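J.: Have a look at this one.
2 protein chains.
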Amino acid sequence: MKDVNSSLLARIKWNERGLVAAIAQDAVSLEVLMLAWMNRESLQLTLETGDAHYWSRSRQALWKKGETSGHIQHVKELRLDCDGDALLLKVEQVGGIACHTGRRRCFYHLLEDGRWTVHDQCEPVLTSPGKFTG
Amino acid sequence: MKDVNSSLLARIKWNERGLVAAIAQDAVSLEVLMLAWMNRESLQLTLETGDAHYWSRSRQALWKKGETSGHIQHVKELRLDCDGDALLLKVEQVGGIACHTGRRRCFYHLLEDGRWTVHDQCEPVLTSPGKFTG
Chain A
25 MKDVNSSLLA
35 RIKWNERGLV
45 AAIAQDAVSL
55 EVLMLAWMNR
65 ESLQLTLETG
75 DAHYWSRSRQ
85 ALWKKGETSG
95 HIQHVKELRL
105 DCDGDALLLK
115 VEQVGGIACH
125 TGRRRCFYHL
135 LEDGRWTVHD
145 QCEPVLTSPG
155 KFTG
Chain B
25 MKDVNSSLLA
35 RIKWNERGLV
45 AAIAQDAVSL
55 EVLMLAWMNR
65 ESLQLTLETG
75 DAHYWSRSRQ
85 ALWKKGETSG
95 HIQHVKELRL
105 DCDGDALLLK
115 VEQVGGIACH
125 TGRRRCFYHL
135 LEDGRWTVHD
145 QCEPVLTSPG
155 KFTG
């Protein structure tokens with residue numbers, strides 16, 4: 025994935041802030057891990073290095089996923105949607121933890137009986153693995 | 025999923041246009057089908073009816089998925105991410121087609137050798153099923 029050319033980037037419909045949505049999906053479990061954003065630079069770095077880089081809208085900064093936590097995402101597959109404004113990354117999630125809360129994925133609020141409950145298929149990996157399994 | 029209360033909606037971090045990103049994932053295959061957007065009304069209708077409703081940014085209109093095509097999405101599970109600005113819907117995709125191009129999913133542009141190629145695990149369902157399977 026090292027051949028980053030301008031036509032590749034030109035196919036993407038960057039929004040008014042120069043960003044495109046990027047969904048990270050676990051390449052093995054197929055769980056959706058997180059939704060983040062990329063600008064041109066973060067996509068280029070992702071393609072050049074093979075590791076996911078995003079743009080942090082809150083910090084307004086380039087962000088290599090896992091740079092401090094070690095929870096790097098090795099990108100196995102990259103897809104673009106029909107209208108060019110969303111990317112889908114299939115990733116190998118190092119450490120099995122995508123969320124900054126220590127959970128496997130960011131989508132751990134489940135709607136149950138009309139309210140959001142914290143529920144992942146597994147509890148936070150670091151604390152009590154397997155609570156909901158089997 | 026009929027108990028739509030205001031605290032449920034208040035947990036969502038709506039963007040400056042009053043929208044939240046919504047990822048639709050096939051509940052069986054776990055394929056990511058599409059990324060769309062919801063406003064409060066479309067989320068309420070989704071919860072009340074059990075069928076996915078979105079907000080079309082291009083048409084600036086409420087949009088019941090599959091209203092004209094019949095490719096309705098029955099929502100089986102709804103999740104919210106850690107920072108409240110993305111929803112994940114696990115859906116039963118009626119007809120097996122989520123994309124307006126007739127493909128199973130919108131993410132059919134695959135990055136290969138530095139360029140986007142049209143590639144789904146299956147070709148468009150309506151034309152040549154199974155071309156890439158087995």
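Going down the list, the sequences are from chains A and B.
Here my numbering = 1-based position in the first sequence + 24.
Here my numbering = 1-based position in the second sequence + 24.
Don't be surprised by glycine CBs; every beta carbon is placed ideally from N, CA and C.
These numbers were taken from a predicted model, which means no experiment stands behind them.
Which of the three DSSP states is assigned to ALA76 of chain B in this structure?
T.: Looking up residue 76 of chain B in the second sequence gives position 52. Residue state, collapsed to three classes: coil.
J.: Under 7 Å Cβ-Cβ, which residues of chain B neighbour LEU112 of chain A?
T.: Reading the first sequence from its first residue, position 88 is the one you call residue 112 of chain A. What LEU112 of chain A touches in chain B: VAL56 and PHE131.
J.: Is the distance from the Cβ of ILE121 of chain A to the Cβ of SER93 of chain A below 9 Å?
T.: For this step, residue 121 of chain A is matched to residue 97 along the first sequence. For this step, residue 93 of chain A is matched to residue 69 along the first sequence. Yes, Cβ-Cβ distance for ILE121 of chain A and SER93 of chain A is below 9 Å.
J.: Using a Cβ cut-off of 9 Å (strictly closer), state whether THR125 of chain A contacts chain B.
T.: Your numbering for residue 125 of chain A matches position 101 in the first sequence. Yes, THR125 of chain A lies at the interface with chain B (some Cβ there is under 9 Å from its Cβ).
J.: Kindly identify the DSSP beta-bridge partner or partners of ALA110 of chain A.
T.: As a position in the first sequence, residue 110 of chain A is number 86, starting the count at 1. Note: ALA110 of chain A sits in a beta bridge opposite A:ALA45.
J.: ARG103 of chain A and HIS133 of chain B: beta carbons closer than 9 Å?
T.: Counting from one through the first sequence, the residue named residue 103 of chain A turns up at place 79. Counting from one through the second sequence, the residue named residue 133 of chain B turns up at place 109. Yes; because the gap between Cβ atoms is below 9 Å, this pair is in contact.
J.: Kindly say whether TRP140 of chain A, judged by its beta-carbon, lies nearer than 9 Å to any beta-carbon of chain B.
T.: Working through the first sequence from its first residue, we reach residue 140 of chain A at position 116. Closer than 9 Å: yes.
J.: Bridge partners for ASP50 of chain A per DSSP, in chain order?
T.: Translated into the one-based positions of the first sequence, residue 50 of chain A becomes position 26. The partner list for ASP50 of chain A (beta bridge, DSSP) reads A:VAL115.
J.: So, are the CB atoms of LEU112 of chain A and LEU67 of chain A less than 9 Å apart?
T.: Counted from its first residue, the first sequence places residue 112 of chain A at position 88. Counted from its first residue, the first sequence places residue 67 of chain A at position 43. Result no, Cβ atoms of LEU112 of chain A and LEU67 of chain A do not sit closer than 9 Å.
J.: In angstroms with no decimal places, state the Cα-to-Cα distance between ARG128 of chain B and LEU71 of chain A.
T.: Your numbering for residue 128 of chain B matches position 104 in the second sequence. Your numbering for residue 71 of chain A matches position 47 in the first sequence. The straight-line gap from Cα to Cα measures roughly 26 Å.
J.: I'd like to check one pair, CYS130 of chain A with CYS130 of chain B: are the Cβ atoms closer than 9 Å?
T.: Sequence index remark: in the second sequence, residue 130 of chain B carries index 106 (1-based). Sequence index remark: in the first sequence, residue 130 of chain A carries index 106 (1-based). Taking 9 Å as the Cβ cut-off, CYS130 of chain B and CYS130 of chain A do not qualify as a contacting pair.
J.: Compute the Euclidean distance between the alpha carbons of HIS143 of chain B and GLN97 of chain B, then round it to the nearest angstrom.
T.: Within the second sequence, numbered from 1, the residue matching residue 143 of chain B stands at position 119. Within the second sequence, numbered from 1, the residue matching residue 97 of chain B stands at position 73. Taking the straight line from one Cα to the other gives about 23 Å.
J.: Taking buried to mean at least 16 other C-beta atoms within 10 Å of its own C-beta, is GLN49 of chain A buried or exposed?
T.: The residue given as residue 49 of chain A occupies position 25 in the first sequence. It is buried - the Cβ of GLN49 of chain A has at least 16 other Cβ atoms within 10 Å.
J.: Please state the DSSP three-state secondary structure of GLY154 of chain A.
T.: On the first sequence, position 130 is the one that residue 154 of chain A refers to. With a pLDDT of 34 at GLY154 of chain A, under the threshold of 50, the modelled position of this residue cannot be trusted; read the value that follows with caution. GLY154 of chain A: coil per DSSP, three-state reduction.
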